[in-house]
Amino acid sequence: MQTLVPIISPPPRPLRLSASSRLLAAALAAGCLLVLVMAALLPPSPEGLGTHQQLHFGRCEFLQRSGIPCPTCGMTTSFSYFVRGRFVASLYVQPFAAVLALACAMLAWAGGYVAISGRPLHRLLRLAPARYYLAACFGLAVLAWAWKIFIHVYGIDGWH
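Below you can see the structure in the form of structure tokens.
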């Protein structure tokens with residue numbers, strides 16, 4: 039009688055990303071870091087919007103024509119407050135931009151980690167399907183715009 043010996047496979051090797059995936063992660067990290075550095079170079083406007091004009095962009099036409107801020111009004115100012123550690127000011131001026139600035143900072147770190155280590159983080163994204171966080175992001179963006187309109191109409195738009 040012959041005894042069967044089970045075949046033992048070697049332990050799985052940790053998954054490493056390809057060079058192109060790591061390069062993409064590095065580009066994502068660099069892009070996010072560039073946004074945050076640009077925000078750090080711009081002093082925030084005390085009026086709560088208009089910081090983007092320091093980059094030689096024009097005034098918001100939506101605001102000029104309608105008298106109410108557009109959905110992105112105050113985002114550059116909010117980012118500028120965020121990178122200075124003034125999180126309450128960032129939230130007050132444009133709440134959705136504060137969330138985007140936090141996401142940008144997190145992506146800079148995560149992209150750098152992936153680029154250096156080669157370890158994927160995509161498994162984390164599968165824990166929360168897009169249908170959950172995309173709806174929440176859209177809802178937050180709408181609420182943030184409503185907040186921006188409210189503080190602008192009542193003249194409490196700036197942070198001093």
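Numbering (the working numbering), first residue to last: 39 to 198. From the three backbone atoms N, C-alpha and C, an ideal C-beta is built for every residue, glycine too.
{"Check": "Endpoints, alpha helix (DSSP H) assigned at Phe100", "Outcome": "99-104"}
{"Check": "Separation of Thr115 from Phe188, as counted between CA atoms", "Outcome": "17 Å"}
{"Check": "Stretch pair the segment 116-125 + the segment 98-106: three plus CB contacts closer than 8 Å", "Outcome": "no"}
{"Check": "Whole-number beta carbon distance between Leu74 and Ala146, since they are thought to touch under 8 Å", "Outcome": "7 Å"}
{"Check": "Check whether Gly193 and Gly86 have beta carbons under 7 Å apart", "Outcome": "no"}
{"Check": "Rounded straight-line distance, which links the Cα of Leu129 to that of His160", "Outcome": "28 Å"}
{"Check": "Within the segment 48-87, ranges of the beta strand (DSSP E) (whole runs, at least 3 residues)", "Outcome": "none"}
{"Check": "Chain-order list of residues whose beta-carbon lies under 8 Å from that of Arg54 (same chain, five-residue window excluded)", "Outcome": "Gly156, Arg157"}
{"Check": "Sequence-distant residues of its chain with Cβ nearer than 6 Å to Pro82 (five each side left out)", "Outcome": "Thr89, Thr115, Ser118, Tyr119"}
{"Check": "Distance between Leu165 and Tyr151 (C-alpha atoms, nearest Å)", "Outcome": "19 Å"}
{"Check": "Ala166 - DSSP class collapsed to helix/strand/coil", "Outcome": "coil"}
{"Check": "Span of the alpha helix (DSSP H) around Phe204", "Outcome": "What is shown of the chain runs 39 to 198, which leaves residue 204 out entirely."}
{"Check": "Where Trp147 falls: helix, strand or coil (DSSP)", "Outcome": "helix"}
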